[in-house]
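Q: Per our numbering, the very first residue in the sequence shown carries number 33; after that it's consecutive. All C-beta atoms, glycine included, are put in the ideal place defined by N, C-alpha and C. Quick caveat: nothing in here was measured; it's all calculated off a predicted structure.
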Amino acid sequence: MPDIIERLESHNCYCEDSDSRQLRKDAAAEIRELRHKAQQLEALIQRRVSQKMQRRVA
Numbered sequence: 033m034p035d036i037i038e039r040l041e042s043h044n045c046y047c048e049d050s051d052s053r054q055l056r057k058d059a060a061a062e063i064r065e066l067r068h069k070a071q072q073l074e075a076l077i078q079r080r081v082s083q084k085m086q087r088r089v090a
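1) By Cβ distance, which residues of its chain are closer than 7 Å to residue 64, with the 5 residues on each side in sequence left out?
2) Within 10 angstroms of the Cβ of residue 60, are there 16 or more other Cβ atoms? Answer buried if so, exposed if not.
3) In this structure, does DSSP put residue 35 in helix, strand or coil?
4) Less than 8 Å separating the beta-carbons of residue 53 and residue 40?
5) Using a threshold of 7 Å, is the CB atom of residue 36 nearer than that to any non-hydrogen atom of the ligand NAP?
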C-alpha cells in the first residue's frame with residue numbers, strides 16, 4: 033500500500049480546483065514535517081537512554 037504522502041502528492045484529478053490541490057500539498061508537507069520531528073524525538077530519546085546506560089556501567 034502506498035504511503036499517505038505519496039497518495040496525497042500523486043492524486044491527479046482534472047476536475048479538482050486549485051484550493052483542493054494546495055490543501056493536499058500542504059497536508060503532505062505537514063505530515064512530512066511531523067514525521068521528521070518524530071524521528072528527531074526518537075533519536076533524542078535513544079541518546080538519553082544510551083547515556084543513562086553508560087552512567088550505570090561506569
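A: With the given structure in hand:
1) Once the five neighbours on either side are set aside, the close Cβ partners of residue 64 are 37.
2) Classification for residue 60: buried.
3) Of the three classes helix, strand and coil, the one that applies to residue 35 here is coil, per DSSP.
4) Contact flag unset, no.
5) In the structure on display, the ligand NAP does not appear, and there are no ligands present to speak of.
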